[in-house]
Amino acid sequence: MNRISLCEIVKSGEKVIYKFSFSEGLARYFSCNELEVTYSVNIESVPDSVLTVPFACSVIPLVWMTDSVLEVNSLDADYIDCLENVKNGYVTMFPEASFGGRLEIAVSEKNRPLDGSSVGAAFFSGGLDAVNTLIKHLDEPVELISIWGSDIPTDNENGWNELIRGIKYYSDTFDLKLNTVKSDFRRFDNELNLNRDFTEILKDSWWHGVKHGIALIGHAAPLAYLNGWESVYIASSNCPSDGLVRCASSPLIDNHIRFCGCQVVHDSYEDNRQDKAHNVVKYSVQSGKKLPLHVCWETDGGRNCCKCEKCYRTITSFLSEGVDPSDFGLENWKVTLPKMRSELINRGQLTYWMYSTQWSHILNRICENQKMLRKKPYWKHIKWLVNKNMGTEKALEPSRAFRFRQKIASSPIGVPARRIKRFFKKR
33 MNRISLCEIV KSGEKVIYKF SFSEGLARYF SCNELEVTYS VNIESVPDSV
83 LTVPFACSVI PLVWMTDSVL EVNSLDADYI DCLENVKNGY VTMFPEASFG
133 GRLEIAVSEK NRPLDGSSVG AAFFSGGLDA VNTLIKHLDE PVELISIWGS
183 DIPTDNENGW NELIRGIKYY SDTFDLKLNT VKSDFRRFDN ELNLNRDFTE
233 ILKDSWWHGV KHGIALIGHA APLAYLNGWE SVYIASSNCP SDGLVRCASS
283 PLIDNHIRFC GCQVVHDSYE DNRQDKAHNV VKYSVQSGKK LPLHVCWETD
333 GGRNCCKCEK CYRTITSFLS EGVDPSDFGL ENWKVTLPKM RSELINRGQL
383 TYWMYSTQWS HILNRICENQ KMLRKKPYWK HIKWLVNKNM GTEKALEPSR
433 AFRFRQKIAS SPIGVPARRI KRFFKKR
């Protein structure tokens, strides 16, 4: 069997470096043999069995998918005990895939966190899901965990500075401790080769399908030990009405993860995305607090582009509640909204699956608030979403004119002028 062996853990102040080796059969899945993680607190007092958890969480999907062995010197007993249930969650989500592999552990250690002042913590990216989870648990109290290296690469300092500025706004506004983590966990493995080899069987990308949820969560283990957390919340991305979505962050997986006496909670799964927008609007109005969001995956500068599917979806969520998206960090929506239909459909951003699941909750709210929304100046730009003819795959196909223009642009010799003239004469 192929093996991944954690050879050494080097601790120095806030930084931990995992030095590992791997069999030749796994070489194509790694870009290096070190993983570097830097915390905002000193981690030298954290036992190696707890410090091993972030590394194990980052490689365990690969161990299972390739039927390999993960060899470590020591590992937290709670984490060891939870892995069978975690694996079963993956098996349920990906019935076509085979999840084998095993762990070889020299020492299993039962760890309990140090005494702390906080009950728990919440992963916080500044997105809609995360902000909804935050306002839901403000009375506990919770600390925040933000990871540099997930959506913002570790070499993009400007993007991270912009993102962390928005995150610090929340920690300052609500007087919450902010824990930051800088991690190369998206760079030490080779996502390109992982996608090439596993996307067909997963019917999803490696990062979204099997890695990001458990890998993010693992980084919390040393902090949970130091701060005495009883629970760690990770905000849901989907809801029951979406069906069984293939996603690495799922209650099937997250709710089984434990380490050093701390339980992970997949939070607000019962709420759809529109419910969360409603909750955020309600809290903002009642408290008088601004709640700027970071929702965009398309820009590397830390701001919302207001022209990708995710931004348009969030803009429309707030418009359907009758509020100004600018109040929630989507400042350029008035410029881009007139282009929304063309961008979503002609550029292929809005698939039938997205329309019938992710957008369906927004459509329901638009219908509920239609009497009020018809009086809004932006109604003309969103009413197409609830057109009775939109609920078909054909309705979401790019227009004939757009396809023709694309053909012109992609043709090496162009299209004869008579054909262009004939085409637009028919319009």
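Take the sequence shown: its letters are residues 33 to 459, numbered as in this note's numbering. Glycine residues also receive a C-beta, built at the ideal position from the N, C-alpha and C atoms.
#1: Where does P272 land, buried or exposed, given buried means 16+ other C-beta within 10 angstroms?
#2: Alpha carbons only, please: which of I184, A129, N401 is nearest the one belonging to E330?
#3: Looking at the unbroken beta strand (DSSP E) that takes in C294, where does it start and where does it end?
#4: Determine the closest residue to N222 out of L38, D187, S237, with distance taken between C-alpha atoms.
#5: Taking all protein chains shown into account, do 16 or more other C-beta atoms lie within 10 angstroms of the C-beta of V317, making it buried, or fewer, making it exposed?
#6: Within the continuous alpha helix (DSSP H) that includes I249, where are the two ends?
#7: In whole angstroms, what is the alpha-carbon distance linking C343 and V327?
#8: Which residue marks the beginning of the beta strand (DSSP E) containing L160, and which one marks its end?
#9: To the nearest angstrom, how far is it from the Cα of F220 to the Cα of K142?
#10: Note down the Cα distance separating K415 from S281, rounded to an integer number of angstroms.
#11: Does the beta-carbon distance from P8 to I49 come in below 8 Å?
#12: Could you spell out where the alpha helix (DSSP H) holding K403 opens and where it closes?
#13: Determine the contact status of T212 and S72, defining contact as a CB-CB distance below 8 Å.
#14: Per DSSP, N211 forms a beta bridge with which residues?
#15: Bridge partners for I137 per DSSP, in chain order?
#16: With DSSP as the reference, label G241 as helix, strand or coil.
#17: Mapping the DSSP letters down to three states, classify R35 as helix, strand or coil.
#18: Would you mind giving the Cβ-Cβ distance between T70 and K47, rounded to the nearest angstrom? I have them listed as a contact below 8 Å.
#19: Evaluate W192 with the Cβ neighbour count: other Cβ atoms within 10 Å of its Cβ, from every protein chain shown; 16 or more gives buried, anything less gives exposed.
#20: Give the secondary structure of S388 by DSSP, where H, G and I count as helix, E and B as strand, and everything else as coil.
#21: Rounded to whole angstroms, what's the CA-CA distance from N164 to V313? Just pull it up for me.
#22: Taking the alpha helix (DSSP H) that V367 belongs to, which residues open and close that run?
Per the coordinate set shown:
#1: exposed
#2: I184
#3: 294-299
#4: S237
#5: exposed
#6: 244-250
#7: 7 Å
#8: Segment 160-168 is the alpha helix (DSSP H) holding L160; no beta strand (DSSP E) there.
#9: Linking F220 to K142 through their CA atoms gives a straight-line distance of about 29 Å.
#10: 33 Å
#11: What the structure shows of the chain is the stretch from 33 to 459, and residue 8 is not part of that stretch, so it cannot be assessed.
#12: 402-405
#13: yes
#14: I177
#15: V104
#16: helix
#17: strand
#18: 5 Å
#19: buried
#20: In the structure shown, the three-state DSSP call for S388 is helix.
#21: 10 Å
#22: Per DSSP, V367 is one residue of the alpha helix (DSSP H) stretching across 365-368.
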